Amino acid sequence: MLVLSDQAAFIESAIAEVQSNTLLGGALAVLVLLFFLRDLRATLVIAAAIPISLLVTFVPLQMLGVSLNLMSLGGLALGVGMLVDNSIVVLESIARVRERDPHGAAGARRSAAPPRSRRR
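Take the sequence shown: its position 54, counted from the start at 1, is 169 in this note's numbering, and no numbers get skipped.
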């Protein structure tokens, strides 16, 4: 068998580049979150959610037989961006509710109330 063109080096290089860019992007996202949120605890929650969500994503990929190529790794990198964006929205919503009621009494009463009393 005669090999005319060996693309293995290019593919390995491209996958390594996507992996390093994903790690760098995640690290930069965490730094930006820390800068803007100024809350270490909230930033650490999001920072922990990024690798956990990536690891959990590999289970369905394996079950469905999806190979790790540039498209699937690029999709994972895009998913990290969406995760960070949605986390910011949720944290801002939580902060807004806490500003309205710092003790959380209204939310606790609303959650503990029977379902019929919730309708108004």
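Glycine included, each C-beta is placed from N, C-alpha and C at the ideal position.
Here the structure is a predicted model, which means the values were calculated and not measured.
| request: Kindly indicate the opening and closing residues of the alpha helix (DSSP H) around Met178. | output: Walking along the sequence shown from the start, residue 178 turns up at place 63. Start and end: 155–179.
| request: Using only alpha-carbon positions, find the residue among Val212, Leu149, Asp121 that is nearest to Ile161. | output: Indexing the sequence shown from 1 puts residue 161 at position 46. That would be Leu149, whose Cα lies nearest to the Cα of Ile161.
| task | Can you tell me which of Val147, Ser182, Ala144 puts its alpha carbon nearest to the alpha carbon of Ile130? | result | In the sequence shown, counting from the first residue as 1, residue 130 sits at position 15. When each option's Cα is compared against that of Ile130, the closest is Ser182.
| request: Have a look at Gly189, Arg215, Met178 and flag the residue whose alpha-carbon is nearest the alpha-carbon of Leu138. | output: Indexing the sequence shown from 1 puts residue 138 at position 23. Checking every option, the nearest Cα to that of Leu138 belongs to Gly189.
| task | Using only alpha-carbon positions, find the residue among Leu193, Gln177, Leu119 that is nearest to Asn136. | result | By 1-based counting over the sequence shown, the position of residue 136 is 21. Checked all of Leu193, Gln177, Leu119; the closest Cα to Asn136 is Leu193.
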